[in-house]
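Chains as they are written, first to last, in my numbering: chain A, 13 to 373; chain B, 2 to 360. Glycine is no exception: its CB is placed at the ideal position from the N, C-alpha and C atoms. Just so you know, these numbers come straight off a predicted model, no measurement behind them. One structure is given below, encoded as structure tokens.
Take a look at the structure:
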């Protein structure tokens, strides 16, 4: 993958990051890897301290329903009457070993909740990313090529409209049109009850419905699962597609103006190839970097999308726990998402570094 | 604006009004970009006017359930006394949409102002003094920035509201929850600018002359570091509204008896949609879309105009009366300013990358 110098050397860069003169990719990866830990540590600590300012989780969850004596007993049994620092270090130790506590409202280990519902969220985010790629990147190329012409104008307004539409409003509209008025797609849920029952009986179920449906091997179940995914994936995916479109457009406009694109054009390279290869490839690095940030956006959006479509994933569950004032569970889910975000940013940085040597400062 | 443009577009004695932030860009813009900017300004203007004159415009109060001739009734179709119909709870949809603009604007202003103050102060100190404080702050802000902002706002919402949902607490909790999300963005931008400006010759001269750190920071650095703020300001204002609506939608809303909030109304409309009742969700939703659209169009246009790579230029033949800049070099080689709001190839993480909404 040859990334010809897209820009003249940027002096600002050198002054900003002066960690080592060059350094190999190994060093860069090591630094990036080590940076994950403070990130996770800060987020987990922040969530812990913030949540504890509201008081201990037991009083928060059961405050109105138990007498003061019973409450004190429960608080003592759970160890929430010990000094807060002791609890904090104990919590950090638990997180290190993958133990996020036990939910108060349902009395299940948070880790189990995370595993059960995490797969549903992962499935939704995956579909949404596919939609975003398929829609966002080609449209971004079109907008960049016909810059300031009609297609660009239409697409840019469209992208802003997408951005301006909250994902839950988009979801409600899609639901209204396709499920209620046209009756072509299911209203909510991840599958019909029949299919869900079949999947529950699978010996090695993954929780990712598409894989489970394929295991069953019944085309009707697969179709059922896919149909249920269409609207949530569209709602969440189009939101991200708008961001991708703008990003691809901006960066490809930058690379389309470079000398090597002019040179390729003068050699008679076809315009399509010019855009889709010469201009697009170097523009990929900032796009990949931003995709890392999109993971955070997607997870936030997933919470809302899941609520609209009753997609029983982490977000849906999170809202249920908030309603029940079960802050142990909330804390666990938020901490897990923090870990996921930190890890995905790390992976994105590695990919960016592998593609473009200039990234390894 | 870059020094380049202000030098070439205007003589030093340009009238004051044309040097005002938005007016200047309006004069500078052409074609589609001008259209987008004007459309954005018009929508934003209507929104602000609606918020100010909500008491006059709204036919009923936001928590009003009955008129002169008895209760409104639940889920009435649009028409007659209720232009937009009524909700399942028996509120007038039109009134709540209009009153909602007030809540929206209060939260947007509080959130953005608070985060600017906190973010700018932190960024300035961090970038100017550097050292371990700088490193710690950068790592913390990066961590917070990477976190899904809606989740952060939820956690803050739990902490701040603690179950209270009066008008004051509800709005303040929402605003502060959003503030926490935005501080890292201002921090990053101001810090990056401060680090750059710190190395400029005039800062050095000021130091040689014996100016104190405080004076250099506020007089020399801050004044020059803030020129990108209006862009982030507009982008964040729209994001603030989306976050507020998101919070309302998942149940951190402000109770209908204390204020009207579009996200809350949409949440209550989920079950309506399933039974084919469209008016309870369509109108509050459209209100959000319009306001975010208006503010974003303004921000987007300002952003493009500030970035020479993205700015459309007048066609050579169609010069207007104003002196037109000689077409700037395509790639401003010596320009240190890393990029527009989108980040660039060289410095992908310095700026908040484009529009990231929380919804």
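Can you find a CB in chain A that lies within less than 7 Å of the CB of residue i?
i	result
residue 101 of chain B	no
residue 149 of chain B	yes
residue 275 of chain B	yes
residue 247 of chain B	yes
residue 141 of chain B	yes
residue 48 of chain B	no
residue 173 of chain B	no
residue 281 of chain B	no
Below 8 Å on the Cβ atoms is my contact criterion, and I expect residue i with residue j to pass it. Report the Cβ-Cβ distance as a whole number of Å.
i	j	result
residue 63 of chain A	residue 159 of chain B	7 Å
residue 233 of chain A	residue 191 of chain A	Residue 233 of chain A to residue 191 of chain A, Cβ: 20 Å. No contact.
residue 152 of chain A	residue 259 of chain A	7 Å
residue 180 of chain B	residue 238 of chain B	Not confirmed; about 13 Å, so no contact.
residue 155 of chain B	residue 253 of chain B	7 Å
residue 301 of chain B	residue 37 of chain B	7 Å
Kindly say whether residue i, judged by its beta-carbon, lies nearer than 7 Å to any beta-carbon of chain B.
i	result
residue 119 of chain A	no
residue 360 of chain A	no
residue 176 of chain A	yes
residue 192 of chain A	yes
residue 357 of chain A	yes
residue 308 of chain A	yes
residue 165 of chain A	yes
residue 296 of chain A	no
residue 205 of chain A	no
residue 222 of chain A	no
residue 217 of chain A	no
residue 367 of chain A	no
residue 183 of chain A	no
residue 201 of chain A	no
residue 180 of chain A	yes
residue 172 of chain A	yes
residue 130 of chain A	no
residue 95 of chain A	no
residue 239 of chain A	no
residue 50 of chain A	yes
residue 66 of chain A	yes
For residue i, does the three-state DSSP call read helix, strand or coil?
i	result
residue 215 of chain A	coil
residue 121 of chain A	strand
residue 93 of chain B	strand
residue 128 of chain A	helix
residue 114 of chain A	strand
residue 80 of chain B	strand
residue 51 of chain A	helix
residue 87 of chain B	strand
residue 117 of chain B	helix
residue 199 of chain A	coil
residue 337 of chain B	Caution is warranted here: a pLDDT of 32 is assigned to residue 337 of chain B, below 50, making its placement in the model unreliable, and the coordinate value is therefore given only provisionally. Here residue 337 of chain B sits in coil by DSSP.
residue 261 of chain B	coil
residue 60 of chain B	coil
residue 282 of chain A	coil
residue 336 of chain A	coil
residue 305 of chain B	helix
Looking at C-alpha atoms only, which residue of the options is the closest neighbour of residue i?
i	options	result
residue 56 of chain A	A:365, A:355, A:363, A:348	A:348
residue 256 of chain A	A:270, A:359, A:306	A:306
residue 56 of chain B	B:289, B:96, B:91	B:96
residue 265 of chain A	A:280, A:272, A:277, A:295	A:295
residue 196 of chain B	B:87, B:123, B:35, B:53	B:123
residue 313 of chain A	B:211, B:295, B:153	B:153
residue 134 of chain A	A:108, A:229, A:293, A:218	A:218
residue 367 of chain A	A:61, A:119, A:70, A:301	A:301
residue 275 of chain B	A:185, A:215, A:270	A:185
residue 288 of chain B	B:35, B:54, B:102, B:61	B:102
residue 1 of chain B	A:328, A:278, A:247, A:321	There is simply no residue 1 of chain B to check, as chain B begins at 2 and stops at 360 in what is shown.
residue 310 of chain A	A:274, A:163, A:246	A:246
Worksheet item: Okay, do the region 240-260 of chain A and the region 127-143 of chain A touch, 3+ Cβ pairs below 8 Å being the bar?
Response: yes
Worksheet item: With a cut-off of 8 Å, do at least 3 Cβ pairs link the region 144-159 of chain B to the region 211-230 of chain B?
Response: no
Discussion item. Does the region 171-185 of chain A come into contact with the region 250-264 of chain A, if we say contact requires no fewer than three beta-carbon pairs (one atom in each stretch) closer than 8 Å?
Written reply: yes
Fill in: Inter-stretch contact (C-beta, 8 Å, three-pair minimum) for the region 120-130 of chain B and the region 181-194 of chain B
yes
Worksheet item: When the Cβ atoms of the region 118-127 of chain A are set against those of the region 79-86 of chain A, are three or more pairs found closer than 8 Å?
Response: no
Fill in: Segment contact, 8 Å Cβ cut-off, at least three pairs: the region 337-348 of chain A with the region 185-202 of chain A
no
Worksheet item: Is it a yes or a no for the region 282-294 of chain B touching the region 254-269 of chain B, going by three-plus beta-carbon pairs under 8 Å?
Response: yes
Discussion item. Check whether the region 219-227 of chain A and the region 105-118 of chain A touch, using three or more Cβ-Cβ pairs below 8 Å as the test.
Written reply: no
Worksheet item: Counting Cβ pairs closer than 8 Å, one from the region 107-116 of chain A and one from the region 287-294 of chain A, do we hit at least three?
Response: no
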